[in-house]
Amino acid sequence: EIQATVQQSPQLALNLVKLASSPAYGAIEISSVRFAIELLGWKELEGLMVTLIVSALAHGTKDSQILDLTRFRQRALVQAYVARSLAQTHTPQLSSEVYISALFLDAGYLLLGIHHPTLLLSLKRTCERTPDLDLLEAESGVLGFTHADLSAVMGEEFRLSQMVVECLRCHHTPVDSTAELQTVVDICNVASGLADALALDVVEGLPRPGYDAFACKRLGIDPETLAKAVEALTSKAFIVADSLGTFTQAA
672 EIQATVQQSP QLALNLVKLA SSPAYGAIEI SSVRFAIELL GWKELEGLMV TLIVSALAHG
732 TKDSQILDLT RFRQRALVQA YVARSLAQTH TPQLSSEVYI SALFLDAGYL LLGIHHPTLL
792 LSLKRTCERT PDLDLLEAES GVLGFTHADL SAVMGEEFRL SQMVVECLRC HHTPVDSTAE
852 LQTVVDICNV ASGLADALAL DVVEGLPRPG YDAFACKRLG IDPETLAKAV EALTSKAFIV
912 ADSLGTFTQA A
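So the sequence shown is residues 672 to 922, counted in my numbering.
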């Protein structure tokens, strides 16, 4: 089924095979979608397909002076890989949906960059004038909503699951999560916090919310040691992000 779906889009099939052949996955030459599925497994291929879709969305914005598309790809993949790794420990049955959630956490900035770049520039200037301003307060004041709210709206438009939508909406405010989804929202918060710690800023000059201390405590995570523990995953994320950048430039 996945093979048939991918092969309906020649460009998607080509990029999927290229990505599966990249150093991030062992630099093994892969000549077909079927071989990619056999080698990596359908779960990994599913994640790669969503990754390619998010990268294509990033490529759709022309306002690269405000939005750093390279950092967007890097941040999305770091968050996705780290979130999936944490989910495999805390809630393995939901690891695929957590991966998708983490990829889309900053999609709100993409929508602003594509449709309302002047609003994004106004937000950037406001934060630069007031360095101690809280990010969500700044966004609410300038935009009337937060990038997390906008990401959640996009998730609803894409008909993503309610779990994914709640992760998008609450990843900076896990206290607002429902009890049944607390763990997955906490995971997305920690993944986002790690991306902040790595200075993966989608829009330069915006404050970095970082980790929620209670989310870390509920997951039993020490932020100071997390970056070292997931160093291999972050390295893989950067390799894949570079490959995606090459594909979109060539498209």
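For every residue, glycine included, the Cβ atom is placed at its ideal position computed from N, Cα and C.
The residue from 742, 881, 874 and 856 with its alpha-carbon nearest to that of residue 868 is 881.
Around the C-beta of residue 817, 16 or more other C-beta atoms lie within 10 Å, and the residue is accordingly described as buried. With contact defined as three or more Cβ pairs closer than 8 Å, the segment 854-863 and the segment 748-757 are in contact. Contact between residue 814 and residue 790 holds, since their C-beta atoms are separated by about 6 Å, short of 8 Å.
Residue 781 and residue 822 have their C-alpha atoms roughly 9 Å apart. Listed in chain order, the non-local C-beta contacts of residue 819 below 8 Å within the same chain comprise 776, 779, 807, 839, 840, 841, 842, 843 and 844, local neighbours out to five positions each way being set aside. Residue 738 places its beta carbon less than 8 Å from that of residue 874. Rounded to whole angstroms, residue 765 and residue 913 show a C-alpha spacing of 27 Å. Following the DSSP letters along the chain, one finds residue 863 inside the alpha helix (DSSP H) bounded by residues 853-868.
With a 10 Å radius around the Cβ and a threshold of 16 neighbouring Cβ atoms, residue 905 comes out buried. Here residue 854 is near residue 761, since their CB atoms are less than 8 Å apart.
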